[in-house]
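Undergrad:
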Amino acid sequence: MTRRTHAVVLGGSVAGMLAAAALARHLDAVTVVERDVLPGGPDHRRGLPQARHAHLLWSGGARVIDKLLPGTMERLYRAGARKISMYQDMVSLTSHGWQHRFPTEHFMIACSRPLLDWTVRDQVGAGGSVTVLGGTEATALLGDAERVRGVRLRGTAEGTVTDLEADLVVDATGRGSPLRRWLAGLGLPEVPEEVVDSGIAYATRIFRAPAEPFPVVSHYADHRTGRPGHNVVLLPIEDGQWIVTVSGTRGGEPPAGEEGFAEFVRAARHPLVSEFLAGADPLTEVRGTRSTSNRRLRYEGLNRWPDGLAVLGDALVAFNPVYGHGMGAAALSAAALGEEISRDGVGGGAARRAQKSIGAVVDGPWSLAVSQDIFYPGCRVDVADARWIAVLRRQRAFADLVTETAIRDPRVGAAVAGVTSLSAPLNSLEHPDVIAALRRGPTRPPLSRPQLTPAELAVRGTVRTAR
Ligand SMILES: Cc1cc2nc3c(=O)[nH]c(=O)nc-3n(C[C@H](O)[C@H](O)[C@H](O)COP(=O)(O)OP(=O)(O)OC[C@H]3O[C@@H](n4cnc5c(N)ncnc54)[C@H](O)[C@@H]3O)c2cc1C
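Everything in the sequence shown is counted per the numbering used here, starting at 7 for the first residue and increasing by one.
1. I need the DSSP call for residue 311, collapsed to helix, strand or coil.
2. Under DSSP, the beta strand (DSSP E) around residue 295 begins and ends at which residues?
3. Where does residue 457 sit, in a helix, a strand or coil, going by DSSP?
4. Could you tell me which residues DSSP pairs with residue 83 in its beta bridges?
5. Whole angstroms is fine: what's the gap from residue 338's alpha carbon to residue 329's?
6. Could you spell out where the alpha helix (DSSP H) holding residue 27 opens and where it closes?
7. Per DSSP, residue 208 forms a beta bridge with which residues?
8. Is there contact here, the stretch 156-164 with the stretch 315-327, by at least three beta-carbon pairs under 8 Å?
9. Look at the Cβ atom of residue 114, then the Cβ atom of residue 62, and state whether they are nearer than 7 Å.
10. As a quick exercise: from 259, 441, 25, pick the residue whose alpha carbon is nearest that of residue 175.
11. Would you report the Cα separation of residue 34 and residue 244, rounded to the nearest angstrom?
12. Where does the unbroken alpha helix (DSSP H) through residue 13 begin, and where does it stop?
13. Who are the near neighbours of residue 381 in its chain, counting only those whose CB is closer than 6 Å to its CB and skipping five residues on each side?
14. Using DSSP with H/G/I as helix, E/B as strand and the rest coil, what is residue 464?
15. For the alpha helix (DSSP H) containing residue 161, list its first residue and its last residue.
16. What's the gap between the Cα of residue 424 and the Cα of residue 285?
17. Between the beta-carbon of residue 37 and the beta-carbon of residue 70, is there less than 7 Å?
18. Suppose the cutoff is 8 Å on Cβ atoms and the five residues either side in sequence are ignored; what does the same chain contact list for residue 372 look like?
19. Would you say residue 247 touches ligand 1, meaning its beta carbon is less than 6 Å from a heavy atom?
20. Buried or exposed: which applies to residue 50, given that a residue is buried once 16 or more other Cβ atoms fall within 10 Å of its Cβ?
21. So, does the stretch 218-233 touch the stretch 408-418, judging by three or more C-beta pairs under 8 Å?
22. Spell out a yes or no on whether the stretch 356-368 and the stretch 276-283 are touching, meaning 3 or more CB-CB pairs, one atom from each, closer than 8 Å.
23. May I have the straight-line CA-CA distance separating residue 345 from residue 460, to the nearest angstrom?
24. Hey, residue 420 and residue 110 are a contact pair by Cβ (cut 8 Å); roughly how many whole angstroms apart?
25. Quick check: the Cα distance between residue 151 and residue 429, rounded to an integer number of angstroms?
26. Consult DSSP for residue 469 and reduce its assignment to one of helix, strand or coil.
27. Mind reading off the beta-carbon distance from residue 197 to residue 308? Whole number of angstroms is fine, and I expect it under 8 Å.
28. Residue 320 by DSSP, collapsed to three states: which one?
29. As an exercise, report each continuous beta strand (DSSP E) stretch of at least 3 residues that is fully enclosed by the stretch 39-69, in chain order.
30. Determine, using beta carbons only, whether residue 145 and residue 210 come nearer to each other than 7 Å.
31. Regarding residue 179 and ligand 1, is the C-beta to nearest heavy atom distance less than 6 Å?
32. For the pair the stretch 164-183 and the stretch 213-223, tell me if three or more CB-CB distances fall below 8 Å.
33. For the putative contact between residue 57 and residue 88, defined by C-beta atoms under 8 Å, what is the C-beta separation to the nearest angstrom?
34. Going by alpha carbons, who is nearest to residue 148 out of 137, 182, 437, 172?
35. Suppose the cutoff is 7 Å on Cβ atoms and the five residues either side in sequence are ignored; what does the same chain contact list for residue 194 look like?
36. Can the beta-carbon of residue 30 be found less than 7 Å from the beta-carbon of residue 135?
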């Protein structure tokens, strides 16, 4: 009789659930261990404080989720999530000016994070082969530096300690992951950590939407000015709500409180969002967070790695949330893990190969986030190889040319949308067609004001008379 294969995934948020979905296709049993008692619907919970803030899911991640868990996007749409076409449904003031509105094949999903998490979780549960242990905390790895054999668990209510054996343990416990400490306890070398921290602070408030459907409206900082970043995003989500998230980098953080929030929105590079909000009723208080730095643990670079262990999601790499890449990168990583295990099974160095694949998957979004953040004043940079940062600085001129052209040119715009949505690799921007379009220059004139449809303008009009 062949032995049954079992994986334990630590953390039941987006990375953990997607890893479980990917592994359940190739292993006999998967157990997800989650510290929170998971709600039976789209509700907030303690272990996911960032769910109070705007979360968009780019199409590169959405398509992978639909592959792992078919029908997930359809369920989200039925529950009120919006499919936002890039750039048809976006009114965006970028670092280089207003983005023209034209369609591409790429999109984003706009909904609340609790709805997204609940839908993914429920889809995983519907598969039948994943067991979720809620109210259970992982406290240590079992095994040694050669092979991880399972995990020690503690029930959060009663404190009962148990050991759970597994052929593969996947850490998806988020930014607070204890894995570094656990590995040191097994005698593995120190894991190099890289931090690029622009000091960005977030504040969010939810409003009743005065109109539906509505585009995403955003004002982003111009990193070339030498001033702190100042961003405002209005995201239309389910239940007729707008979630409005503002953020400012070190020295330009949003002030606390409701008046501070309104003031920060007014001080954006354009008053559009402020004008829309003047007629919208707030539904929540303002909530903030500073858990936002780019932080990467280079597990894939260790010269020793135990069999039976993998790590993904924020536990491996967390991005400045302004770029909206955390969940998409987690989805791509889960798919990479599943692929590696489908090829090689769980033993014989498969975990190490999987970790290297996951490391390669997150390289793109890591470069995208870091290459912009290093230009903000007071950005703290702590990376192993400083030459890499110098290379990113030199590439800035090319990145600026690409952005400047993309907002006024459908060919280059489509290429940028592919990279931004995590659907295409960074080097797709060097495709000969894109280079030719860059040489030719933008095909549309610069916009001196936002492109709004009559219906959208009417909302703004209502606001004006209401003021
Ligand atoms: C303000 C903000 C806005 C963001 N906006 C976006 C966005 O627009 N788009 C986007 O893609 N990403 C966004 N992100 C990033 C996104 O939230 C994360 O990338 C994503 O949640 C990572 O998922 P994860 O599963 O790795 O970790 P988490 O979501 O942090 O989940 C970790 C889970 O592990 C559990 N856990 C922790 N320790 C243990 C333990 N010892 N035992 C058992 N369970 C444990 C926790 O309870 C939690 O459920 C944003 C982040 C922030 C902070």
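Cβ coordinates follow ideal geometry from the N, Cα and C atoms, glycine included.
TA: To lay it out plainly:
1. coil
2. 293-295
3. coil
4. For residue 83, which the question treats as bridged, DSSP gives no partner whatsoever.
5. 16 Å
6. 20-30
7. 253, 295
8. no
9. yes
10. 25
11. 36 Å
12. No alpha helix (DSSP H) contains residue 13, which is instead part of the beta strand (DSSP E) from 12-16.
13. 229
14. helix
15. Element bounds for residue 161: not the alpha helix (DSSP H) but the beta strand (DSSP E), 154-161.
16. 35 Å
17. no
18. 300, 302, 323, 325
19. no
20. exposed
21. no
22. no
23. 48 Å
24. 4 Å
25. 36 Å
26. Unreliable positioning characterises residue 469 in this predicted model, as indicated by a pLDDT of 46, which lies under 50. A coordinate reading is not provided.
27. 6 Å
28. helix
29. 62-64
30. no
31. yes
32. no
33. Going by Cβ atoms, the distance from residue 57 to residue 88 rounds to 17 Å, so no, they are not a contact pair.
34. 172
35. 151, 308, 310
36. yes
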